[in-house]
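Undergrad:
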Amino acid sequence: MKGKVTKDVIEPMRDWLYMDRFFSIVTAMSDKAKHRIDWLLFQWGLLLFIVGFLLGRAMILSEITPFILPFVAVVYVLKKEKVGMAALAVLLGALTSVIHNGWFVVLSIFFFLLIYKAASAFLEESTKSLPYIVFLGSISARLFITYIAVGDITGYSWMMATVEAGLSFILTMIFLQSIPLLTSKKIHQPLKNEEMVCLIILLASVMTGTIGWMIYDMTVEHILARYLVVLFAFVAGAAIGSTVGVVTGLILSLASVASLYQMSLLAFAGLLGGLLKEGKKVGVSIGLLIGTLLIGLYGEGGGQISITIAETMVAILLFIITPKSWTTKLARFIPGTVEHSKEQQQYLRKIRDITAGRVEQFSHLFHTLSDSFSANGIHVETDEKDKEVDYFLSNVTEKTCQTCFKKERCWVQNFQKTYDSMQNLMVDAEKSGGVQNPSLLIEWKKYCVKHDKVVTAIQQEIGQFQAHKKLRKQVLESRKLVADQLLGVSRVMGDFAKEIQKEKEAHYMQEEQMLDALRGVGLEVGHIDIYRLEEGNIEIEMSIAQGHHGQAEKIIAPMLSDILRETIIVKSEDNQFYPNGYSHVSFGSAKKYVVDVGVANVAKGGGWISGDSYSTIELGSGKHAVAISDGMGNGERAHLESNETLQLLQKILQSGIEETVAIKSVNSVLSLRTTDEIFSTLDLAMIDLQDASAKFLKIGSIPSFIKRGSSVLKIEASNLPMGMIQEFDVDVVSEQLKPGDLLIMISDGIFDAPKHVENKELWMKRIISEIDTENPQEVADTILERVIRSSSNVIGDDMTIVVTKVKRNTPKWAAIPMYKSTKIVKKKAQ
0 MKGKVTKDVI EPMRDWLYMD RFFSIVTAMS DKAKHRIDWL LFQWGLLLFI
50 VGFLLGRAMI LSEITPFILP FVAVVYVLKK EKVGMAALAV LLGALTSVIH
100 NGWFVVLSIF FFLLIYKAAS AFLEESTKSL PYIVFLGSIS ARLFITYIAV
150 GDITGYSWMM ATVEAGLSFI LTMIFLQSIP LLTSKKIHQP LKNEEMVCLI
200 ILLASVMTGT IGWMIYDMTV EHILARYLVV LFAFVAGAAI GSTVGVVTGL
250 ILSLASVASL YQMSLLAFAG LLGGLLKEGK KVGVSIGLLI GTLLIGLYGE
300 GGGQISITIA ETMVAILLFI ITPKSWTTKL ARFIPGTVEH SKEQQQYLRK
350 IRDITAGRVE QFSHLFHTLS DSFSANGIHV ETDEKDKEVD YFLSNVTEKT
400 CQTCFKKERC WVQNFQKTYD SMQNLMVDAE KSGGVQNPSL LIEWKKYCVK
450 HDKVVTAIQQ EIGQFQAHKK LRKQVLESRK LVADQLLGVS RVMGDFAKEI
500 QKEKEAHYMQ EEQMLDALRG VGLEVGHIDI YRLEEGNIEI EMSIAQGHHG
550 QAEKIIAPML SDILRETIIV KSEDNQFYPN GYSHVSFGSA KKYVVDVGVA
600 NVAKGGGWIS GDSYSTIELG SGKHAVAISD GMGNGERAHL ESNETLQLLQ
650 KILQSGIEET VAIKSVNSVL SLRTTDEIFS TLDLAMIDLQ DASAKFLKIG
700 SIPSFIKRGS SVLKIEASNL PMGMIQEFDV DVVSEQLKPG DLLIMISDGI
750 FDAPKHVENK ELWMKRIISE IDTENPQEVA DTILERVIRS SSNVIGDDMT
800 IVVTKVKRNT PKWAAIPMYK STKIVKKKAQ
């Protein structure tokens, strides 16, 4: 029934709530148990106690115990608060193995502490001398016990004591690197190769302490050794697996000569297990089983092979039930594993994000500074106007009204009327250079008893007032320019932060496809790295065998064009990059449009140095810039001026700052750099090679022309030359170019050359339209020749013509179809 909750609905909900509460309780209990286990193993030191106990039992050649003193000494240096537990652990272990070894434990620790305290008084860093102190403590304790027990020290006793002390010396250096791995709950850095070998030696030494332990005729150290080998083979592969097998087998064979064949078994099993790593746990287990069968027959013989197989099966069982989280955590600290690579990628991603964050913070800082300058400029401009009037009138009244007997009537009783009247006089004086309005003078004469003196004071103060107003305007203009520059830097840094955050994606499958396709046709390709796979923005690098027939451009690039279904070209090739005779080649997406540039220029009077400068700039954003600058006058000084303008512009544009801000920045530098009246014009065209759109920025320059078929279009804008004033608005003219268009940019020497022509724009259009050729260089040469001939072969000024032709990018080599290769899917451009 509607509005009522039935029993069938309530009971499932109640059961669900009970189950949810049950799982919450279980999760809380498991987390609490895990926390207690971690506290027991690491903080309390149970793991350290177990390791010490087994090392106390470990013996080599059935009579020497080189593991005891290094373990206690390292714990004493690294974790002094746990040294009592470590000493007790090795003492208990020694007593369970051979009772008289307990005396060696006590005496060796006593001699070590004695020598260590003595050495600490003379040495600043006693840790570096720790192996030598352990050597002296071990040999002293062993010789002392031998002398007390036998009454004499033979040559054999000296030899065995020296061997034991030497092993303790080496083990001390090993334990210094490996024991911290057991005492620390979290390891933050990946293991080095030396640290990994030291850890294996420590684990093998601990296993030596289990010698003599049997479970149903199965030896415990054999089970643990094979488990250790198969675990590392599964985690790190064949190389590490065989290394662990060799080291573990060597340590066990030193403890028991009868186990010498174990080194071959463990090494071979580790190699096979690592090679079968792709088969997951089952594959690695099969590798261990095969290694046991092959080597076990030679070691123990057929009679004991059943026990050996049983030991292997127990090790495999332990390996199978090992949680995946354990192997994953272990793999993170072993170089070369996938987990370690992911960990490194995560670390690099973290560093990248931190760097991008800092850059973004600077971007926000510059943006805030820009807003602050802009806002302050607006507020200051409004406030300063009112304050300037008050300051002006206060200066006038100080010289006139302060000594007037009618001051109270004017400024107390009739304040607003007096203020407005004097302000009107000030405005008239500012406009006309003096108070000349008759009506204002008559009205003021009736109102003020010292009218002549006030008018004279206003006319005297108006000059200073105008100078101050001009200075304030310059400051505000400079502040606005700084705000624009800061905003431009903010945008560049913001884009840079976004670029940093774009990580190199893994394209392993696509790289393998390309390798198979290229090698399948007989090309010698070393490796391929795909950095970008976005449509229109592909970046690929590869190493290929050096050839002198242009195979990268003629074969590989066309093959990649077919695979990627996009025109790919060679961007750069370095034949000296690799020492093995291979070349490093970079491939990338071809632009949809290309430009062809032709230039013709001549100096005034046929001189060597022209005051005009031109530049073609390839920008990394897929844009092509063409610029002409005309320095004031002629000769070397004008050339330096125009060339420096273009150099500044090029550097700022290549940094990524917007065109208008770049031009304003250059203008600011030129206007503030010198007091000489040296100015430069600038004619800039920015062409986007992806869609052929163009932006024209003209600073004091004459019109440009676009020839499209038989028609000629004019591009013009009005701006003063650069360096003349500090602040100006840049007019930007946009135009959509088409394939085959000719963009003709000229300096004023070309435009003003014909003195007899009245309509020069029409004359220039007629010359351009009459040119038959479409070659940019021929067009530039033809225009220059026609202009000089029309001026009676007199070159009256510097002349420069830059002609740019926009063309569709037709690849030089057609795509080579790869019928057996799979087409690679690309990402859409964002």
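Per numbering that gives the first Met the number 0, the sequence shown runs over residues 0 to 829. We put the beta carbon where it would ideally sit given N, CA and C, even for glycine.
#1: Determine the burial state of SER393: buried for a count of at least 16 other Cβ atoms within 10 Å of its Cβ, exposed for fewer.
#2: Expressed to the nearest angstrom, what Euclidean distance is found between the alpha-carbon atoms of ILE178 and ALA88?
#3: Consult DSSP for THR673 and reduce its assignment to one of helix, strand or coil.
#4: At 3 residues or longer, what runs of the beta strand (DSSP E) sit wholly inside the region 716-794?
#5: Under 6 Å Cβ to Cβ from MET513, same chain only, skipping five residues before and after it: list those, please.
#6: State the Cα-Cα distance for the pair ILE782 and THR367, rounded to the nearest angstrom.
#7: Taking the alpha carbon of LYS650 as the reference point, which residue from LYS469, ALA661 and GLU640 has its own alpha carbon closest?
#8: Among residues of its own chain, excluding the 5 on either side of ILE173, which ones have a beta-carbon nearer than 6 Å to its beta-carbon?
#9: Name, in chain order, the residues that DSSP records as bridge partners for MET213.
#10: From this set, VAL448, ARG490, ILE306 and MET159, which residue's C-alpha is nearest ARG62's C-alpha?
#11: Would you list the residues sitting across from GLY605 in a DSSP beta bridge?
#12: If we ignore side chains and look at the alpha-carbon of each, how far apart do CYS409 and LYS398 end up?
#13: Comparing alpha-carbon positions, which option in SER204, VAL133 and THR615 lies nearest LEU54?
#14: Check for me: the beta strand (DSSP E) holding SER679 runs from which residue to which?
#15: Tell me whether LEU645 sits in a helix, a strand or coil according to DSSP, three-state version.
#16: Tell me the DSSP secondary structure of ASN394 in three-state form.
#17: Check TYR525 in the structure and name its three-state DSSP category.
#18: If I'm right that GLY269 touches VAL243 with Cβ under 8 Å, what's the distance once you round it to whole angstroms?
#19: Count the other CB atoms, across all protein chains shown, that sit within 10 Å of the CB of THR674; report buried if there are 16 or more and exposed otherwise.
#20: Per DSSP, ARG807 is paired with what?
#21: Quick check: does the Cβ of ASP352 come within less than 6 Å of any heavy atom belonging to the ligand SAH?
#22: Indicate whether the contact test is met: 3 or more Cβ pairs, each with one atom in the region 600-612 and one in the region 625-632, closer than 8 Å.
#23: Cα-Cα, which of GLN412, ALA456, LYS622 and THR161 is closest to ALA428?
#24: Assuming contact is defined by CB atoms lying nearer than 7 Å, are LEU265 and THR247 in contact in what I supplied?
#25: When you compare each of TYR581, LEU170, LEU112 and LYS386 to GLY525 by their alpha carbons, which one comes out closest?
#26: If you draw a straight line from the C-alpha of LEU129 to the C-alpha of SER324, how long is it?
#27: What whole-angstrom Cβ distance do GLU635 and SER679 have, given they're in contact under 8 Å?
#28: Near PRO557, what residues of its chain come up, given a Cβ to Cβ distance below 7 Å and the 5 sequence neighbours on each side ignored?
#29: Would you call LYS1 buried or exposed, if buried means 16 or more other Cβ atoms sit within 10 Å of its Cβ?
#30: Between which two residues does the beta strand (DSSP E) harbouring SER542 extend?
#31: State the DSSP-derived secondary structure class of LYS79, mapped to helix, strand or coil.
#32: Kindly give me the distance between the Cβ atoms of ILE333 and ILE239, rounded to whole angstroms, as I take these residues to be in contact under 8 Å.
#33: TYR613 lies in the beta strand (DSSP E); which residues open and close that run?
#34: Quick check: what's the CA-CA separation for THR145 versus THR207?
#35: Can you check whether the CB of ILE319 is closer than 7 Å to the CB of LYS280?
#36: Can you give the Cα-Cα distance for ASP750 and ARG518, rounded to whole angstroms?
TA: Based on what the coordinates show:
#1: SER393 comes out exposed.
#2: In this structure, the CA atom of ILE178 is about 15 Å from the CA atom of ALA88.
#3: The predicted position of THR673 is uncertain, since its pLDDT is 48 and thus under 50; no value can be drawn from it.
#4: Runs found: 731-735 and 741-745.
#5: Only residues of its own chain outside the window of five on either side were considered, and among them ILE527 have a CB closer than 6 Å to the CB of MET513, listed in chain order.
#6: The alpha-carbon atoms of ILE782 and THR367 are separated by roughly 50 Å.
#7: Selected option, being the one with the closest Cα: ALA661.
#8: Contacts found: CYS197 and ILE200.
#9: Secondary-structure assignment with DSSP links MET213 through a beta bridge to THR218.
#10: Inspection of the sequence shows that residue 62 is occupied by Glu rather than by Arg. A check of alpha carbon separations from GLU62 across VAL448, ARG490, ILE306 and MET159 identifies MET159 as the nearest.
#11: DSSP, once it has assigned bridges, lists no residue as partnering GLY605.
#12: C-alpha separation (whole angstroms): 15 Å.
#13: The candidate whose alpha carbon is nearest that of LEU54 is SER204.
#14: For SER679, the enclosing beta strand (DSSP E) stretches over residues 679-687.
#15: Three-state DSSP puts LEU645 in a helix.
#16: Look at ASN394 here: in three-state DSSP terms it is helix.
#17: The identity of residue 525 in the sequence shown is Gly, whereas the question assumes Tyr. Of the three classes helix, strand and coil, the one that applies to GLY525 here is strand, per DSSP.
#18: For a cut-off of 8 Å, the C-beta gap from GLY269 to VAL243 is around 6 Å, short enough to register as a contact.
#19: Annotation note: pLDDT 45 at THR674 (below 50); position unreliable, no value reported.
#20: DSSP output for ARG807 lists TYR592 as bridge partner(s).
#21: The model on display carries no ligand, and the ligand SAH is accordingly not part of it.
#22: Yes, the region 600-612 touches the region 625-632.
#23: With distances taken between CA atoms, ALA428 lies nearest to ALA456 out of GLN412, ALA456, LYS622 and THR161.
#24: With contacts defined by Cβ atoms closer than 7 Å, LEU265 and THR247 form a contacting pair.
#25: Cα-wise, what sits closest to GLY525 is TYR581.
#26: Rounded to whole angstroms, the gap between the alpha carbons of LEU129 and SER324 is 37 Å.
#27: At roughly 14 Å, the Cβ-Cβ gap does not stay under 8 Å, so GLU635 and SER679 are not in contact.
#28: A distance below 7 Å between beta-carbons, with the five flanking residues on each side excluded, links PRO557 to the following residues of its chain, in chain order: TRP812, ALA813, ALA814 and ILE815.
#29: Unreliable placement is indicated for LYS1, whose pLDDT of 42 sits below 50; no coordinate value is reported for it.
#30: Note, SER542: beta strand (DSSP E), 536-544.
#31: If DSSP states are grouped into helix, strand and coil, LYS79 belongs with the helices.
#32: Contact between ILE333 and ILE239 holds, since their C-beta atoms are separated by about 7 Å, short of 8 Å.
#33: Residues 611-618.
#34: Between THR145 and THR207, the C-alpha separation is close to 24 Å.
#35: When the beta-carbon positions are compared, LYS280 and ILE319 come within less than 7 Å of each other.
#36: The residue you asked about is not Asp; residue 750 is Phe in the sequence shown. Counting only the Cα atoms, ARG518 lies some 59 Å from PHE750.
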